[in-house]
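Structure first, commentary second.
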Amino acid sequence: MNTRQMHIDPYERNWMIFSAVMLVLFAAAVSVAAFGMGIEVPAPEQRVDPRTVATDPNSPWSNPGLREVSPGKYDAYILARAVPQWEFLPKELTIPAGSSVSFYVTSPDVQHGFKIQNTNANFMVIPGQVSKLTIRFDEPGTYDFICTEYCGSGHGIMYGTITVTP
Amino acid sequence: MNKYLLNGLYGLLGMIMISAIAFKIVQPIKVLPRLQLAPAFNLIDQNGQQFISENLRGQFVIFTFTYTQCPEPCFEINETIQEVQSRLGEVQLEGIPVTFVTISIDPERDTPEALNKYALSLGANSDQWKFGTTTNQALLKTIIGSGFETYYEKKDDGSFSFDPTFILVDGWGIVRAEYRYATEVSSADRILRHLGVLADEVRNSKGTTKLAYEAAHLFLCYAP
Numbered sequence: 001m002n003t004r005q006m007h008i009d010p011y012e013r014n015w016m017i018f019s020a021v022m023l024v025l026f027a028a029a030v031s032v033a034a035f036g037m038g039i040e041v042p043a044p045e046q047r048v049d050p051r052t053v054a055t056d057p058n059s060p061w062s063n064p065g066l067r068e069v070s071p072g073k074y075d076a077y078i079l080a081r082a083v084p085q086w087e088f089l090p091k092e093l094t095i096p097a098g099s100s101v102s103f104y105v106t107s108p109d110v111q112h113g114f115k116i117q118n119t120n121a122n123f124m125v126i127p128g129q130v131s132k133l134t135i136r137f138d139e140p141g142t143y144d145f146i147c148t149e150y151c152g153s154g155h156g157i158m159y160g161t162i163t164v165t166p
Numbered sequence: 001m002n003k004y005l006l007n008g009l010y011g012l013l014g015m016i017m018i019s020a021i022a023f024k025i026v027q028p029i030k031v032l033p034r035l036q037l038a039p040a041f042n043l044i045d046q047n048g049q050q051f052i053s054e055n056l057r058g059q060f061v062i063f064t065f066t067y068t069q070c071p072e073p074c075f076e077i078n079e080t081i082q083e084v085q086s087r088l089g090e091v092q093l094e095g096i097p098v099t100f101v102t103i104s105i106d107p108e109r110d111t112p113e114a115l116n117k118y119a120l121s122l123g124a125n126s127d128q129w130k131f132g133t134t135t136n137q138a139l140l141k142t143i144i145g146s147g148f149e150t151y152y153e154k155k156d157d158g159s160f161s162f163d164p165t166f167i168l169v170d171g172w173g174i175v176r177a178e179y180r181y182a183t184e185v186s187s188a189d190r191i192l193r194h195l196g197v198l199a200d201e202v203r204n205s206k207g208t209t210k211l212a213y214e215a216a217h218l219f220l221c222y223a224p
């Protein structure tokens, strides 16, 4: 292409080249990360076997729910699943105000989302990996949690409630 | 804008991006994240001696939590420790001692004498593998539950429901890795690999390289 003939300003041309280089570099980075190395979530919460995570008696998700780790501090093991029905297990959690809850969420089947209304909890739930986030609930009330992954028929009906008692 | 300046800018941006990708691919520096401070504690060891967390500074420590009456294989916690212990020679530790600490979650039955018997039955060398207990249940809950964020609870039949957890703490008393559930790679393999990564950091993190390590702590998020 003869740029002189097309009267492209060198400044504009430079930015076009720069944008093209950026695209190529990012495409290369994403391809290398995805195909060359396998995408992984950061340490330390790592991969679990999605085929057995909900059934293995040694897995905390075989008996999902709330556990008091120490006074005022809880672990919530939550399973987001599509089979046999679209739901979170458990659907209801009750904690006293002022508690901090570490959510450990995983999925035995497809990708899900996890968002708790009126908090900054909002993350992906990926089969074979564990998503962890700690939230402190100071205000009494009810906090609904929903699935934010809308790429299947049933994600929209997945919900649950956290009740924070005074 | 000056043409040379612009070309220089392209070059710089390109180099930054290429080196970022290269850093990710080659992984010249691997760091374990600094997760949180490990809790301080004051326990009694299997010989009836006082056993405090300050005594573990300067060592890599692997904490586990179990009780002597736990029906074997009991999540294979002790088997994993024995495997790590027997394979420590595979890791270049540069003389940094590795200590295993098993804290009992059942202090009512796990007296120092019971722990001593348990340690003998496991063939544990008391310099390298410490067992801790206390008579203060509230303190224990604070150390294990609040400090190490590990769940345990006594069931009505006297047994315990708990999660098999390994926690790797560095020589400064900072938690560097947690192993909470069965993963594709065995815990022993991961612990040994992570001990190597930690030892590399201690050995190499000097002078200018120390800055690179600190940068890696800030910017890297891959699991070594």
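Protein chains in written order, with our numbering: chain A, 1 to 166; chain B, 1 to 224. In this text, a Cβ means the ideal position worked out from N, Cα and C, and glycines have one as well. Please read all numbers here as calculations on a predicted model, not as lab measurements.
Any beta carbon of chain A sitting closer than 8 Å to that of residue i?
i, result
"B:M17", "yes"
"B:D200", "no"
"B:L6", "yes"
"B:G145", "yes"
"B:K117", "no"
"B:E214", "no"
"B:D170", "no"
"B:Y67", "no"
"B:V101", "no"
"B:G14", "yes"
Less than 6 Å between C-beta atoms, sequence neighbours within five positions excluded: which residues of the same chain meet that for residue i?
i, result
"A:R136", "S100"
"A:R67", "D75"
Give the DSSP-derived three-state secondary structure of residue i in the structure shown.
i, result
"B:V84", "helix"
"B:N204", "helix"
"A:K115", "strand"
"A:S70", "strand"
"A:V227", "There is no way to answer for residue 227 of chain A, as the model of chain A reaches only from 1 to 166."
"B:I48", "As written in the sequence, residue 48 of chain B is Gly, which differs from the Ile given in the question. In the structure shown, B:G48 sits in coil (DSSP, three-state: anything other than H, G, I, E or B)."
"A:V53", "coil"
"A:Q85", "coil"
Compare the C-alpha of residue i against each of the options and name the closest.
i, options, result
"B:I174", "B:G48, B:P33, B:M15 and B:F131", "B:P33"
"A:P108", "A:T134, A:Y11 and A:Q129", "A:Q129"
"A:Q111", "A:E149, A:L23 and A:A97", "A:E149"
"A:Q85", "A:G113, A:S153, A:E92 and A:N122", "A:S153"
"A:P96", "A:I162, A:M22 and A:I17", "A:I162"
"A:D49", "B:E214, B:E149 and B:S186", "B:S186"
"A:D138", "A:K73, A:A54, A:Y11 and A:M6", "A:K73"
"B:E83", "B:A188, B:Y213, B:L218 and B:N204", "B:A188"
"B:V101", "B:R190, B:E90 and B:T66", "B:T66"
"B:R176", "B:D163, B:A182, B:I191 and B:P164", "B:I191"
"B:Y152", "B:G11, B:V197, B:T183 and B:D106", "B:D106"
For a cutoff of 8 Å on Cβ pairs, would you count residue i as touching chain B?
i, result
"A:L66", "no"
"A:A28", "yes"
"A:S99", "no"
"A:P44", "Model confidence at A:P44 stands at a pLDDT of 43, short of 50, so the residue's coordinates are unreliable; what they give is reported in the following sentence. Output row for A:P44: interface = yes."
"A:D75", "yes"
"A:V83", "no"
"A:V32", "yes"
"A:T62", "In the sequence under discussion, the amino acid at residue 62 of chain A is Ser, which differs from the Thr named in the question. For A:S62, the answer is no, since every Cβ of chain B falls outside 8 Å of its Cβ."
Does the beta carbon of residue i sit closer than 8 Å to a beta carbon anywhere in chain D?
i, result
"A:V69", "Note that chain D does not occur in the displayed structure, where the protein chains are A and B."
Below 7 Å CB to CB, which residues in the same chain sit around residue i once its five sequence neighbours on both sides are set aside?
i, result
"B:N78", "L122"
"B:A40", "S53"
Can you list, in chain order, the residues of its chain with a C-beta nearer than 8 Å to that of residue i? Leave out the 5 residues immediately preceding and following it.
i, result
"A:N122", "G113, F114, K115, I116 and T148"
"A:T52", "S59"
Using only the heavy atoms of the ligand FAD, determine whether one of them is closer than 7 Å to the beta carbon of residue i.
i, result
"B:K155", "Within the structure as shown, the ligand FAD is missing, as the structure has no ligands at all."
Suppose only complete runs of 3+ residues qualify. What are the beta strand (DSSP E) ranges in the region 126–201 of chain B, listed by chain order? 129–133, 152–154, 160–162, 166–169 and 174–179
Uninterrupted alpha helix (DSSP H) stretches inside the region 50–126 of chain B (no shorter than 4 residues): Counting only unbroken stretches of 4 or more residues, the alpha helix (DSSP H) elements lying wholly within the region 50–126 of chain B are 77–86 and 112–121, in sequence order.
Where are the beta strand (DSSP E) runs, 3 residues long or more, that stay fully inside the region 121–159 of chain A, in chain order? 122–125, 131–137 and 141–146
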